[in-house]
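S.K.: Numbering (the working numbering), first residue to last: 1 to 232.
From the three backbone atoms N, C-alpha and C, an ideal C-beta is built for every residue, glycine too.
None of the values given here were measured: they were computed from a predicted structure.
Pasting a structure here, questions to come.
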């Protein structure tokens with residue numbers, strides 16, 4: 001079980017709570033509860049009641065829109081420090097998407113009412129939340145633009161560039177390493193194509209010196225080249 005000091009440290013690392021002092025963080029830590037999820041476990045479903053905010057403290061989460069036929073569109077991937085589930089807390093509507101653990105994942109869960117009180121009483125939290133919502137709206141706008149105006153190769157190149165910028169681990173040679181758990185099937189659901197198309201395009205990107213494939217990782221060798229490829 002995660003101890004109180006670890007909870008405070010995890011909360012302090014979240015940009016949403018960066019404006020809180022030590023006393024406020026201690027108070028916040030007493031409101032949250034740790035919860036772990038197995039790889040592939042559903043955290044909540046589309047349409048579920050929005051009763052809590054989740055903060056990723058370890059692991060990775062995907063936010064998806066499932067279809068009746070069993071397919072899904074991945075609209076976001078989240079790493080430690082990211083939070084999700086805030087929309088339903090703000091407007092009281094059911095969950096607008098499904099959240100699934102991509103790997104063994106640890107979260108900190110804050111119930112709806114304490115979160116609403118925190119937003120109302122802490123200006124720093126309110127401002128950070130508004131900024132985060134604005135960033136998400138901009139990101140979704142870009143994603144819609146890519147889906148409508150880029151071909152499959154451009155969409156995949158753009159998505160890899162975005163993922164590398166957000167989650168890539170810098171290498172000594174200037175590369176950015178995207179370790180799992182995203183699969184080629186996941187990438188396909190992000191850009192609206194088949195896994196076979198992703199596999200073929202990754203091979204072309206490797207041949208162009210843009211990326212390298214290393215077991216469960218994709219290494220971005222030329223970020224600028226990848227961005228250029230997204231708009232050819």
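With distance defined between alpha-carbon atoms, name the residue in 62, 80, 79, 81 nearest to residue 73.
M.R.: Along the chain shown, read from residue 1 onward, the residue named residue 73 stands at position 73. Measuring from the Cα of residue 73, the nearest candidate turns out to be 62.
S.K.: Taking all protein chains shown into account, do 16 or more other C-beta atoms lie within 10 angstroms of the C-beta of residue 174, making it buried, or fewer, making it exposed?
M.R.: Along the chain shown, one-based indexing puts residue 174 at 174. Residue 174 comes out exposed.
S.K.: Can the beta-carbon of residue 46 be found less than 7 angstroms from the beta-carbon of residue 107?
M.R.: Residue mapping note: residue 46 aligns to position 46 of the chain shown, counting from 1. Residue mapping note: residue 107 aligns to position 107 of the chain shown, counting from 1. Not a contact, by the Cβ cut-off of 7 angstroms.
S.K.: Taking the alpha carbon of residue 178 as the reference point, which residue from 77, 101, 115, 153 has its own alpha carbon closest?
M.R.: Taking the chain shown and counting its residues from 1, the one referred to as residue 178 is at position 178. Closest option to residue 178, Cα to Cα, is 77.
S.K.: In the DSSP assignment, find the unbroken alpha helix (DSSP H) run with residue 115 in it and report its ends.
M.R.: Numbered from its first residue, the chain shown carries residue 115 at position 115. Here the alpha helix (DSSP H) through residue 115 covers 112–121.
S.K.: So, is residue 121 buried or exposed, given that buried needs 16 or more other C-beta atoms within 10 angstroms?
M.R.: In the chain shown, the residue the question calls residue 121 occupies position 121. Exposed, by the Cβ-count rule.
S.K.: Relative to the C-alpha of residue 26, which residue among 139, 88, 3 is closest?
M.R.: Locating residue 26 in the chain shown gives position 26, counting from the first residue. When only C-alpha atoms are compared, the closest one is 3.
S.K.: What is the rounded straight-line gap between the Cα of residue 51 and the Cα of residue 86?
M.R.: Here residue 51 is taken as the residue at index 51 of the chain shown, counted from 1. Here residue 86 is taken as the residue at index 86 of the chain shown, counted from 1. C-alpha separation (whole angstroms): 9 angstroms.
S.K.: Can you give me the C-alpha to C-alpha distance between residue 80 and residue 149, rounded to a whole angstrom?
M.R.: For the purposes of this step, residue 80 is taken as the residue at position 80 of the chain shown. For the purposes of this step, residue 149 is taken as the residue at position 149 of the chain shown. Cα to Cα, the separation comes out at about 32 angstroms.
S.K.: Quick one: what's residue 191 bridged to in DSSP?
M.R.: To locate residue 191, count along the chain shown from 1; it is residue 191. In DSSP, residue 191 forms no bridge with anything.
S.K.: Could you give the DSSP three-state label for residue 6: helix, strand or coil?
M.R.: The residue you call residue 6 lines up with position 6 of the chain shown. Correct three-state label for residue 6: helix.
S.K.: Counting only the same chain and skipping the five closest in sequence on each side, list residues whose C-beta sits under 6 angstroms from that of residue 7.
M.R.: The residue labelled residue 7 in the question sits at position 7 within the chain shown. These residues qualify, in order along the chain: 29.
S.K.: Ignoring anything shorter than 3 residues or poking outside the segment 36–82, list the beta strand (DSSP E) runs there in chain order.
M.R.: Correct list: 42–44, 52–58, 61–66, 72–78.
S.K.: Just the Cα atoms here: how many angstroms apart are residue 214 and residue 190?
M.R.: Numbered from 1 along the chain shown, position 214 holds the residue referred to as residue 214. Numbered from 1 along the chain shown, position 190 holds the residue referred to as residue 190. Computed Cα separation, rounded: 21 angstroms.
S.K.: Give the straight-line distance between the Cα atoms of residue 183 and residue 41, rounded to the nearest whole angstrom.
M.R.: Within the chain shown, the letter at position 183 stands for residue 183. Within the chain shown, the letter at position 41 stands for residue 41. When rounded, the distance between both Cα atoms is 16 angstroms.
S.K.: Nearest by alpha-carbon distance to residue 165: which of 151, 54, 224, 34 is it?
M.R.: Working through the chain shown from its first residue, we reach residue 165 at position 165. Nearest of 151, 54, 224, 34 to residue 165, Cα basis: 224.
S.K.: So the alpha helix (DSSP H) residue 23 belongs to, where does it begin and stop?
M.R.: Counting from one through the chain shown, the residue named residue 23 turns up at place 23. Here the alpha helix (DSSP H) through residue 23 covers 22–29.
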